[in-house]
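Numbering (my numbering), first residue to last: 15 to 111. Even for Gly, the Cβ is constructed at its ideal location relative to N, Cα and C. Quick caveat: nothing in here was measured; it's all calculated off a predicted structure. Contents: one structure, followed by commentary.
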């Protein structure tokens, strides 16, 4: 697993979009608004047309097909996505870098 750790406004989402596009991955975001924001950012700032990037909201995650699961998965706003998927406020997490 790769981690993109930077302060706010330093290009984490740009990095994520670039990686996802380069690896033909699926980018999971918290909401439809985030999805639209990603598509606009990818096209307007990076020149990536929406048809060349797969972005789904947490509400759409259960619509993934089996062959989609063979593609790399990327997640923006990880904590918000986890809370949406679990339906809970997450108090504490740990992970290894």
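Assignment of beta-bridge partners to residue 88 by DSSP yields 41. For residue 106, there is no enclosing beta strand (DSSP E), as DSSP marks it with neither H nor E. Residue 68 is bridged by DSSP to 40. In the three-state DSSP reduction, residue 75 falls in the helix class (H, G or I). DSSP places residue 98 within a helical segment (H, G or I) once states are collapsed to three. Straight-line measurement puts the Cα of residue 67 at about 16 Å from the Cα of residue 84.
The beta carbon of residue 63 sits closer than 7 Å to those of 57, all from its chain and outside the five residues before and after it, given in chain order.
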